[in-house]
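**Student:** Numbering (the UniProt record's numbering), first residue to last: 1 to 526.
Using N, Cα and C, we set each Cβ at its ideal position, and we do this for glycine too.
(1) Going along the chain, which residues of its own chain have a beta-carbon closer than 6 Å to the beta-carbon of residue 209, five neighbours each way excluded?
(2) Take residue 189 as the anchor and find which of 156, 421, 232 has the nearest alpha-carbon.
(3) Considering only their Cβ atoms, is the gap separating residue 320 from residue 107 smaller than 7 Å?
(4) Cα-Cα, which of 424, 281, 440 is closest to residue 405?
(5) Tell me whether residue 244 sits in a helix, a strand or coil according to DSSP, three-state version.
(6) Report buried or exposed for residue 30, applying the criterion of at least 16 other Cβ atoms within 10 angstroms of its Cβ.
(7) Grab me the residues of residue 173's own chain with a C-beta within less than 6 Å of its C-beta, minus the 5 sequence neighbours each way, in chain order.
(8) From 409, 432, 334, pick the residue whose C-alpha is nearest to that of residue 33; which is it?
(9) Does the beta-carbon distance from residue 261 to residue 224 come in below 7 Å?
(10) Comparing alpha-carbon positions, which option in 403, 110, 461, 121 lies nearest residue 258?
(11) On the criterion of 16 or more Cβ atoms from any shown chain inside 10 Å, does residue 216 qualify as buried, or is it exposed?
(12) Could I get the ranges of all uninterrupted alpha helix (DSSP H) runs contained in the region 168 to 254, with 4 residues as the minimum, in chain order?
(13) With the cut-off set at 7 Å, would you say residue 460 and residue 322 are in Cβ contact?
(14) By DSSP, does residue 307 sit in helix, in strand, or in coil?
(15) Starting from the C-beta of residue 325, find all residues in its chain whose C-beta is less than 7 Å away, skip the five residues before and the five after it, and write them out in chain order.
(16) Where does residue 138 fall in DSSP's three states?
(17) To which residues of the same chain is residue 250 closer than 7 Å at the C-beta, ignoring the five residues directly before and after it?
(18) Quick check on residue 326: does DSSP put it in helix, strand or coil?
(19) In whole angstroms, give me the CA-to-CA distance for residue 65 and residue 59.
(20) Within 10 angstroms of the Cβ of residue 310, are there 16 or more other Cβ atoms? Answer buried if so, exposed if not.
(21) What residue does the alpha helix (DSSP H) around residue 420 start on, and which one ends it?
(22) Can you give the Cα-Cα distance for residue 466 and residue 40, rounded to whole angstroms?
(23) For residue 160, which residues of its own chain have a beta-carbon under 7 Å away from its beta-carbon, when the five flanking residues on both sides are left out?
(24) What are the boundary residues of the alpha helix (DSSP H) that includes residue 444?
(25) Note down, in chain order, each residue of its chain lying with its Cβ closer than 6 Å to the Cβ of residue 470, except the 5 sequence neighbours on either side.
(26) Please name the residue, chosen from 141, 89, 241, that lies closest to residue 114 on a Cα-to-Cα basis.
(27) Looking at C-alpha atoms only, which residue of 99, 244, 374 is the closest neighbour of residue 296?
(28) Taking only the alpha-carbon atoms, compute the straight-line gap between residue 330 and residue 125 and give it to the nearest angstrom.
(29) Would you call residue 452 buried or exposed, if buried means 16 or more other Cβ atoms sit within 10 Å of its Cβ?
(30) Counting along the chain, where does the alpha helix (DSSP H) carrying residue 398 start and finish?
(31) Does the beta-carbon of residue 450 have 16 or more other beta-carbons within 10 angstroms, so that it is buried, or is it exposed?
(32) Quick test of your reading: residue 410 and residue 435, contact by CB under 8 Å. State the CB separation rounded to the nearest angstrom.
(33) Would you check if the region 162 to 171 and the region 85 to 105 touch, i.e. whether three or more CB-CB distances between them fall below 8 Å?
(34) How about residue 438 and residue 379: do their beta carbons lie closer than 7 Å?
(35) Pick from 195, 179, 168: whose alpha carbon is nearest that of residue 110?
(36) Measuring alpha carbon to alpha carbon, tell me which of 129, 268, 369, 305 ends up nearest residue 288.
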């Protein structure tokens, strides 16, 4: 035992030496902390780059849209905002359950179950696309009723199909990064950006397809990144150990999955929607206020990518540790992740104010807003990393409830008061959010360090796959006889899925009639 322990300590020392060469660090930072920091940084770097490349995909589409005129640009902006608020935020939130389950199951070395969890996630998100299509099909009538231009609202019909590609790619990323496989998504994102630029040029300039070409290029850019990542997984055989073929087992235990997915979706939606409210309120003030708000949002999106990278690394490392029954490593990962986030965010907050517009009418507003945002960025980054720790432990309900109370009962209420009653205008929105994230980050840190980690580890480890058996029966009852089907009969599995899809399509068609009547009424008024 002593030889084994000495060998393990030596391995940790060698691992940490790959990153830390300074003797001052060696004497003051314990070996275990250096080793954990090495693993987190090794994941965070590629995750940060891949997220930046993912951000460039819609950025390229926006640049080409701007060449087609204000109507197309406005249509793309409205379509993006509508899809993000109504469907993408919810879909991404539902997919976060895959992060929790894959990280815990992989940590427990139950490799074949990882593939089953991925299959279950794919089926649930593809079924979720059906009501999303129903909403987007009728979105034009709704937007016309709200006073939007027909050319602006019609863009939504042309980009509906990108939802499947976006959701599938998010699940691919969850599947890989929670096994500690990071680089493939970076390669796929780089290739997708090259293909997206070429596609936009061909469809918009060469073939002169106009708004249809822009929508097709936007959809194809999401398909590219999904297909490229899938091809890399197949080429390098990254799926061999965890994929046992399609199984009817993926149609079971939906209740346990949804028990994690629904709080995750609420958590994500509450966070995304509050910033949309900020843009809406800024637009009520003036165009300059709205432009300044948009500039700060763009900076916030870029700077938020680093804590997002740490969040993903923390989720994977904490989940792996809990799945392996190692509560001490889960606690260590939480401490190191929070320390790293605080160090980096605290040292970079003064640099962010250098990236701005040269417009004299807006630069003063932006500079004023950055005084609040530089402080908000630090605490918001801590909230982000804490959320990753909660995802790794399967405690999504905590941030879901905290996001609602923090963002809406405290943050948004205070923001509206400061914007209009106190006449701080758009600065009041960011001051209100600052108060919110300070309270949230303090609450999260207290909860994390007061968690009964031994109990959490025992719950995850005893379940074997990160799923609590018999927890919730939601969505399990249609498949109570599924065990009679041969475990890996893809033909019968496909038939069951097709029947479910047909039922949902019929429901969508039945609900279209009221929206068609609404559309006719709106057109008559126009």
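**Tutor:** So, to answer that:
(1) In the chain shown, counting from the first residue as 1, residue 209 sits at position 209. The residues are 203.
(2) As a working mapping, residue 189 is identified with position 189 in the chain shown. Cα-wise, what sits closest to residue 189 is 232.
(3) Counting from 1 along the chain shown, the entry for residue 107 is found at position 107. Counting from 1 along the chain shown, the entry for residue 320 is found at position 320. Contact: yes.
(4) Position 405 of the chain shown holds residue 405. Nearest option by C-alpha distance: 440.
(5) Against the chain shown, residue 244 aligns to sequence position 244. Residue 244: coil per DSSP, three-state reduction.
(6) As a first step, residue 30 must be located in the chain shown, where it is residue number 30. By the neighbour-count rule (16 or more Cβ atoms within 10 Å), residue 30 is not buried but exposed.
(7) Start at 1 with the first residue of the chain shown, and residue 173 comes out as number 173. These residues qualify, in order along the chain: 185.
(8) Your numbering for residue 33 matches position 33 in the chain shown. Residue 33 has its Cα closest to that of 334, out of 409, 432, 334.
(9) The residue labelled residue 261 in the question sits at position 261 within the chain shown. The residue labelled residue 224 in the question sits at position 224 within the chain shown. Cβ distance not < 7 Å, so residue 261 and residue 224 don't count as in contact.
(10) Residue numbering aside, residue 258 sits at position 258 when the chain shown is read from its first letter. Relative to the Cα of residue 258, the nearest Cα in the group 403, 110, 461, 121 belongs to 121.
(11) Within the chain shown, residue 216 is the residue found at index 216, counting from 1. Its Cβ being crowded by 16 or more others within 10 Å, residue 216 is buried.
(12) Positions of the alpha helix (DSSP H) runs, each at least 4 residues long and wholly inside the region 168 to 254, are given as 183 to 200, 210 to 235 in order along the chain.
(13) The sequence position of residue 460 within the chain shown is 460, counting from 1. The sequence position of residue 322 within the chain shown is 322, counting from 1. Cβ distance < 7 Å, so residue 460 and residue 322 count as in contact.
(14) Numbered from its first residue, the chain shown carries residue 307 at position 307. Reduced to three states, the DSSP call for residue 307 is helix.
(15) The residue given as residue 325 occupies position 325 in the chain shown. Closer than 7 Å at the Cβ level, and outside the excluded window around residue 325, lie 457, 461.
(16) The sequence position of residue 138 within the chain shown is 138, counting from 1. Of the three classes helix, strand and coil, the one that applies to residue 138 here is coil, per DSSP.
(17) Along the chain shown, one-based indexing puts residue 250 at 250. Answer for residue 250: 116, 119, 120, 123, listed in chain order.
(18) In the chain shown, residue 326 corresponds to position 326, counting from 1. DSSP places residue 326 in coil when its eight states are reduced to three.
(19) The residue you call residue 65 lines up with position 65 of the chain shown. The residue you call residue 59 lines up with position 59 of the chain shown. Rounded to the nearest whole angstrom, the C-alpha separation of residue 65 and residue 59 is 10 Å.
(20) Your numbering for residue 310 matches position 310 in the chain shown. For residue 310, the number of other beta carbons within 10 angstroms of its own is at least 16, and it is reported as buried.
(21) Taking the first residue of the chain shown as position 1, residue 420 is located at position 420. Following the DSSP letters along the chain, one finds residue 420 in no alpha helix (DSSP H), marked with neither H nor E.
(22) The residue given as residue 466 occupies position 466 in the chain shown. The residue given as residue 40 occupies position 40 in the chain shown. For residue 466, the pLDDT reaches just 43, beneath the cut-off of 50, and the residue's location in the model is therefore unreliable, leaving the point undetermined.
(23) One-based indexing of the chain shown puts residue 160 at position 160. Non-local C-beta neighbours of residue 160 in its own chain, meaning closer than 7 Å and more than five positions away in sequence, comprise 133, 136, ordered along the chain.
(24) What you label residue 444 is simply residue 444 of the chain shown in a count that begins at 1. Segment 426 to 450, the alpha helix (DSSP H) holding residue 444.
(25) Here residue 470 refers to the residue found at position 470 of the chain shown. A caution first: residue 470 carries a pLDDT of 37, below 50, which makes its placement in the model too unreliable to give a value.
(26) Here residue 114 is taken as the residue at index 114 of the chain shown, counted from 1. Out of 141, 89, 241, 241 has the C-alpha closest to the C-alpha of residue 114.
(27) Counting from 1 along the chain shown, the entry for residue 296 is found at position 296. It is 374.
(28) Here residue 330 refers to the residue found at position 330 when the chain shown is read from its first residue. Here residue 125 refers to the residue found at position 125 when the chain shown is read from its first residue. If you take the alpha carbons of residue 330 and residue 125, they lie about 29 Å apart.
(29) For the purposes of this step, residue 452 is taken as residue 452 along the chain shown, with counting starting at 1. Exposed, because fewer than 16 other Cβ atoms sit within 10 Å of the Cβ of residue 452.
(30) The count along the chain shown starts at 1 and reaches residue 398 at position 398. From DSSP, the alpha helix (DSSP H) with residue 398 extends over 397 to 403.
(31) Along the chain shown, one-based indexing puts residue 450 at 450. Only exposed fits residue 450, as fewer than 16 other CB atoms lie within 10 angstroms of its CB.
(32) Against the chain shown, residue 410 aligns to sequence position 410. Against the chain shown, residue 435 aligns to sequence position 435. With a Cβ gap of about 7 Å, residue 410 and residue 435 count as contacting.
(33) Put simply, the region 85 to 105 touches the region 162 to 171. At least three CB pairs are less than 8 Å apart.
(34) Within the chain shown, residue 438 is the residue found at index 438, counting from 1. Within the chain shown, residue 379 is the residue found at index 379, counting from 1. Their beta carbons are under 7 Å apart, which means residue 438 touches residue 379 by this criterion.
(35) Locating residue 110 in the chain shown gives position 110, where the first residue counts as 1. Per the Cα distances, 179.
(36) Within the chain shown, numbered from 1, the residue matching residue 288 stands at position 288. Relative to residue 288, the option among 129, 268, 369, 305 whose CA is nearest is 369.
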